[in-house]
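Read through the structure below, which is laid out as structure tokens, and then see the notes.
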Amino acid sequence: MRAVFPFPHPRAADSSGRRWRAHASAPALVCALLCSSLTTALAAPPANPEFCAPSSTLTSAPADLTEQPASTQRMAARLREIAEASISPESPYEYPRRAEALRQIIERTSDSAERIKFLPTYAHDLLRAGEPEPALAALATLEQLLTAEGHTMTPVQFTTLHTIRALAYLRLGEQENCLLNHNADSCLFPIRGGGVHPLTRGSRGAVDALTTLLTRYPGDLRARWLLNIAHMTLGEYPDGVPAQWRIDPQHFASARDLPRFPDVAGRLGIDVDDLAGGVIMDDFDRDGFLDLMVSAWGPYSQLRTFRNNGNGTFTERTAAAGLTGETGGLNLIQADYNNDGFVDVLVLRGAWLRQLGHYPNSLLRNNGNGTFTDVTAEAGLLSFHPTQTAAWFDFDGDGHLDLFIGNESAPDDVHPCELFRSNGDGTFTECAAANGVAAVGYVKGVVTGDYNNDGRPDLYLSRRDGANLLLRNDGPADAACPRGTWRFTDMAREAGVTEPYGSFSCWFWDYDNDGWLDLMVTGYAIQDVGDIAADYLGLPHPGEYARLYRNRRDGTFADVTREQGLHQVLHTMGCNFGDLDNDGWLDFYVGTGDPDFATLLPNRMFRNDGGRGFQDVTASGGFGQLQKGHGIAFGDIDNDGDEDIYSVVGGAVNADNYRNQLFANPGLGGHWLTLTLEGVRSNRLALGTRIKVVVATPAGEREIHRAVGSGGSFGASPLQQHIGLGDASRILRVEIFWPATGQIQRLENLALDRSYLVREDAAAAIAVEVRSFRLPTDPSPDHPSHQHASAPPVPTPHFATSR
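If you read the sequence shown in this note's numbering, its first letter stands for residue 5, the second for the next number, and so on.
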């Protein structure tokens, strides 16, 4: 049986510090032995109806969908049908069922050797099902059996038992403190203040298990990392950590002090508690305030939308918006596909699941009245491929947005990428093969940008299974037929941007403000969290590093990762960029982690130091969430002139849930300009448009460059452009390059700290009066009760296990 999320191979070290890895473990062997038994057990409906779905999401088809358009009802029914047909031991949502099947097998046998063989996997499945206490009981039974039979545990058995025990205790501590008694300091690394656990039995148990493991294998960096975190949760770090295993706090210190960006999501009722997912921050109703749409990838996880009321409150409008039954989706991206001026949404589904991931995506048309309609089939976008990444762009320059979808292929499950050309009437025609872009690979990130400044948008594809691709847009193959076959050429090798080979998130951006798009690609390959510890400690490890590529302006890129201070293992999933301090230089925030419960590493924020390098400001700004990070968006939620950050938090397996966060910008000074662009011949919301702002400063004239888009490849920032201007004394001019025409629009007499609407070809920008408010600075007055007037409380997506 090939598991989608296999049990992590234990890693330890002998007394000399040499590392070793087991090629096979007891849990791995049990998986193979139990294939037929588990398949049979999982085929039948569970005795407990709560056994297969989280309580925070739909557990059955909506009772009444009569108010929804027929197309939305059909998609909701299709999604439910696929989810119910996908019950499999390989699914990350089936750990409760798997644990129950194993329990029955263990109870039916009196053979101690058989029980010893099955119990490690049983305990691990219970942990992933959200049942740490039964997992600990199973481990205690295992240890008793080993003692009674006179067994001396092998290194693999010893490491497996104590690692699962430590993780079960850690998760117990998280459940009792970070989830049930959540506050804005919970799980913020380095843990302190309100993040210290008042209920200590989980952390105490973890310290004991990890100390036992390190006593035998002092070089186990995974155990050392987790031991330091466990002591943090007890308020005992650093002095309470034994000196030989202590990680010096200096390794986590910020390179620059920032004031705290408090997490205020709980106070606003937008701290959705679910699994991994995406986010769009944009103005869906065109009232001048940025709203939110949030997804989670569970098959029954409901897509949610929150309206910004413009007064410091949000109202959840999921049902009123007609989205009931739109479930799943690891990522979301927005665009105005039909040029009606309203932001539409693409929901991406099936990622990581391989044969189980043959889900349809959803195109949700914004009807302009607060509702959305699923028009996937009508638009010609209905297909069934696993994906989490796509990019909207006008590749043929006709003023209508086209769509590229990066699908995930495996050797036994091939799904070429798709290119949908807009027909100009709200429908699309798939043409990837005809245009030479039907790439095959395990594609995890797709971004678009005009890297060679030739006026045509190009594509970059990040792949987990090999060299990345840079698809240069060479224009029509036949100049006489501009809507005929288009030419794309892979220039990644020539441009020097094939690495990292195990990569994930990526983005085009102009980090050095020279008018040429640079490229960031993050690595996603570690042996386990011990590689993160090694990276902080400056020790060798096999983890994959990030890459920052500076555009050389000749079609090639220079790897400037080291000189910019980013030669680090970021292990990034979600990502996006913005300007924390309005200095005009783009900063970035990454969500980190993987399905392993041991992979507790902080999400990280990096400040751009004027193009000279990047400073890790994670600790000082309060951004270091240890739980799994996914979709990220930067935007000025309260219209006060600085960008706030929304972060989707939660893991992959069905018990690895957590609350999303909104980091409120405390205001760091610096002037700003907000531009909302409206295309006429170019696409309506101006995707792909380039902006240059020229300002006067005490040091002389300065240029600041931006490109209209949603930012990184996992999480979507608003299409309106918030541009920090730093210490500018006045705006000299704004130049806008419109993609469909190639024309440059020049505007003057714009004021600092104002918002403008700019229509393509207009002689002047239109000043827009926007109402502002201040996000609350007190992050946590409503916790732990979590009662909000604007939105219902969101329960924990907990899977109950029948016994």
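Positions of the beta carbon are idealized from the N, C-alpha and C atoms, including for glycine.
Bear in mind that the values here come from a model prediction, so they are computed numbers and not experimental data.
Nearest to residue i (by Cα), restricted to the options the options
{"i": "M495", "options": "N477, L407, Y505 and P159", "result": "N477"}
{"i": "Y593", "options": "T603, L574, D587 and F310", "result": "L574"}
{"i": "A637", "options": "N187, G281, R557 and E180", "result": "G281"}
{"i": "D1", "options": "V418, N342 and Y505", "result": "Since the first and last residues shown for the chain are 5 and 807, residue 1 lies out of range."}
{"i": "H186", "options": "Y540, Y662, V774 and L681", "result": "Y662"}
{"i": "R78", "options": "A127, E330 and H545", "result": "E330"}
{"i": "T380", "options": "R82, P124, D516 and D642", "result": "R82"}
{"i": "F432", "options": "A443, G361 and L386", "result": "L386"}
{"i": "R616", "options": "D591, A623 and T603", "result": "D591"}
{"i": "N371", "options": "M524, E147, W356 and A325", "result": "A325"}
{"i": "F376", "options": "L307, A133, D642 and A538", "result": "L307"}
{"i": "A170", "options": "D189, T151, L203 and S207", "result": "S207"}
{"i": "T309", "options": "T317, M297, D585 and G316", "result": "M297"}
{"i": "G403", "options": "D344, L465, A144 and G633", "result": "D344"}
{"i": "A767", "options": "R750, D243 and S776", "result": "R750"}
{"i": "F193", "options": "G239, E412 and R557", "result": "G239"}
{"i": "V738", "options": "L681, E137 and E752", "result": "E752"}
{"i": "R694", "options": "G716, F741, V347 and A234", "result": "F741"}
{"i": "F718", "options": "G470, E88 and M524", "result": "M524"}
{"i": "F775", "options": "L552, L541, D642 and G445", "result": "The sequence given here places Arg at residue 775; Phe does not occur at that position. The shortest Cα separation from R775 among L552, L541, D642 and G445 belongs to D642."}
{"i": "A471", "options": "Y304, G500 and D224", "result": "G500"}
Buried versus exposed call for residue i [16 or more other C-beta atoms within 10 Å across all chains shown]
{"i": "G626", "result": "buried"}
{"i": "H155", "result": "exposed"}
{"i": "E773", "result": "exposed"}
{"i": "Q338", "result": "buried"}
{"i": "H389", "result": "buried"}
{"i": "T328", "result": "buried"}
{"i": "S167", "result": "For the record, residue 167 in the displayed sequence is Thr; it is not Ser. Flag for T167 reads buried."}
{"i": "H201", "result": "buried"}
{"i": "L474", "result": "buried"}
{"i": "G273", "result": "buried"}
{"i": "S114", "result": "exposed"}
{"i": "T393", "result": "buried"}
Residue i to residue j span [Cα, whole Å]
{"i": "Q631", "j": "G198", "result": "16 Å"}
{"i": "P415", "j": "Q359", "result": "11 Å"}
{"i": "R369", "j": "P461", "result": "24 Å"}
{"i": "F293", "j": "H726", "result": "13 Å"}
{"i": "E178", "j": "F508", "result": "27 Å"}
{"i": "E153", "j": "A257", "result": "49 Å"}
{"i": "N373", "j": "L605", "result": "42 Å"}
{"i": "P253", "j": "F265", "result": "21 Å"}
{"i": "R84", "j": "R205", "result": "40 Å"}
{"i": "G654", "j": "F399", "result": "35 Å"}
{"i": "F288", "j": "V349", "result": "10 Å"}
{"i": "R290", "j": "Y528", "result": "37 Å"}
{"i": "A538", "j": "G223", "result": "11 Å"}
{"i": "T61", "j": "G542", "result": "Low confidence applies to T61: its pLDDT is 36, below 50, so where it sits in the model is not reliable enough to give any reading."}
Own chain, CB closer than 6 Å to residue i, minus 5 neighbours either side, in chain order
{"i": "R311", "result": "D295, T319 and R321"}
{"i": "A300", "result": "D278, L279 and G281"}
{"i": "G683", "result": "A690 and E764"}
{"i": "P780", "result": "V268 and R271"}
{"i": "H709", "result": "D514, N517, G519 and K696"}
{"i": "R734", "result": "A700"}
{"i": "I251", "result": "N232"}
{"i": "T452", "result": "A395, F397, P461 and L463"}
{"i": "I530", "result": "G547 and H575"}
{"i": "G582", "result": "F638 and E647"}
Close-in-space but distant-in-sequence residues of the same chain around residue i (CB under 7 Å, 5 per side omitted)
{"i": "G614", "result": "W589"}
{"i": "P785", "result": "Its pLDDT being 44, under 50, P785 is placed unreliably by the model, and nothing is read from it."}
{"i": "P31", "result": "Any reading at P31 must be qualified, since the residue scores a pLDDT of 35, below 50, and its modelled position is unreliable; no value is offered."}
{"i": "G333", "result": "G281, G282, S299, W301, L307, V351, L352 and R353"}
{"i": "V533", "result": "R226, W229, A602, T603, L604 and L605"}
{"i": "D757", "result": "G645, H675 and W676"}
Under the three-state DSSP convention, the category residue i falls into
{"i": "C579", "result": "strand"}
{"i": "Q531", "result": "coil"}
{"i": "Y593", "result": "strand"}
{"i": "G239", "result": "coil"}
{"i": "E548", "result": "coil"}
Close beta carbons around residue i, own chain, < 8 Å, minus the five adjacent residues each side
{"i": "S75", "result": "T377, D378, V379, T380, A381 and E382"}
{"i": "G488", "result": "P480, A481 and D482"}
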